[in-house]
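Numbering (this note's numbering), first residue to last: 747 to 984.
All C-beta atoms, glycine included, are put in the ideal place defined by N, C-alpha and C.
Let me begin by presenting the structure, written as structure tokens, before commenting on it.
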């Protein structure tokens, strides 16, 4: 074997080794980041249970705000989701003239409510992301990690999380692993009936992260629900 061939083989071997090392490092990075995300989600969910807060919900239909409502929320022992209590009187329904208009309006409201209840049930499956579903997606190769050095964060994207073609993307701060944003892209009943959720987080002085703004968009019905949270405080007795 000539010296030239030996050099070529050595160069190819070096390139192959570099590629394998890079792949192994990338896989290790993904596994490490996903593990960090799982730990952050679990620790944060546990810490949130010690707090109370106010949620203000604004519902807009085709760009027109139809309803605004405020509730006081907190977790109770044994409950997976926070329980919320109405603050003040519930928003009064708009008056309609004539029995026919009233029937039509009631029918539309009932249909919209049923649809949004289905949307709410669907989105609840994504927030917060479940460790088991993330692990399954990771086994399928549907999890990716993208660092962003400009703001010292990394984004974990889980594709085909529950349905084919859906995605959950969580952005986490590198330094303290606090949550920055969460985005869900999915669909209800039909892949063309897009549903999206965008969540922005804030981190309290105690280190607990809470969503301060959630924007839920159901394109098929022209509905946008915006939920803002405020007045975070330790629950009495905590």
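query	result
Kindly list the residues whose CB is nearer than 7 Å to the CB of residue 790, restricted to its own chain and excluding five residues on each side of it in sequence; keep chain order.	925, 954, 955
I need the straight-line Cα distance from residue 975 to residue 801, nearest angstrom please.	5 Å
Three-state secondary structure (DSSP) at residue 973?	strand
Just to confirm before moving on: does the CB-CB distance between residue 904 and residue 928 stay below 7 Å?	no
Which residues in the same chain have their Cβ closer than 6 Å to the Cβ of residue 963, if we skip the five residues on either side of it in sequence?	942, 970
Looking only at its chain, what residues have a beta carbon closer than 7 Å to the beta carbon of residue 884, apart from the 5 residues adjacent to it on each side?	780
Whose C-alpha, out of 922, 961, 949, is nearest the C-alpha of residue 930?	961
Does the beta-carbon distance from residue 900 to residue 918 come in below 7 Å?	yes
Can you tell me the Cα-Cα spacing of residue 768 and residue 890, whole angstroms?	Low confidence applies here, because residue 768 scores a pLDDT of 36, under 50, leaving its location unreliable; read the following figure in that light. If I take the Cα positions, the gap works out to 15 Å.
Between which two residues does the alpha helix (DSSP H) carrying residue 882 extend?	877-886
Name the two residues that bound the continuous beta strand (DSSP E) containing residue 942.	940-949
By the three-class DSSP mapping on this structure, what secondary structure does residue 815 have?	strand
Locate the beta strand (DSSP E) running through residue 904, then write down its first and last residues.	899-905
Reducing DSSP to helix, strand and coil, say where residue 866 ends up.	helix
From the DSSP output, in three-state form, read off residue 720 for me.	Since the first residue shown for the chain is 747 and the last is 984, residue 720 is missing from the structure and cannot be characterised.
Taking the alpha-carbon positions, what's the residue 934 to residue 857 distance?	15 Å
Which same chain residues, not among the five before or five after residue 872, have their C-beta less than 6 Å away from its C-beta?	914, 930
Run the CB neighbour count on residue 936, radius 10 Å, all protein chains shown included, and call it buried at 16 or more, exposed below.	exposed
If we call anything under 7 Å between Cβ atoms a contact, is residue 798 one with residue 981?	yes
Could you pull out every residue in the same chain whose Cβ sits closer than 6 Å to the Cβ of residue 966, ignoring the five residues on either side in sequence?	939
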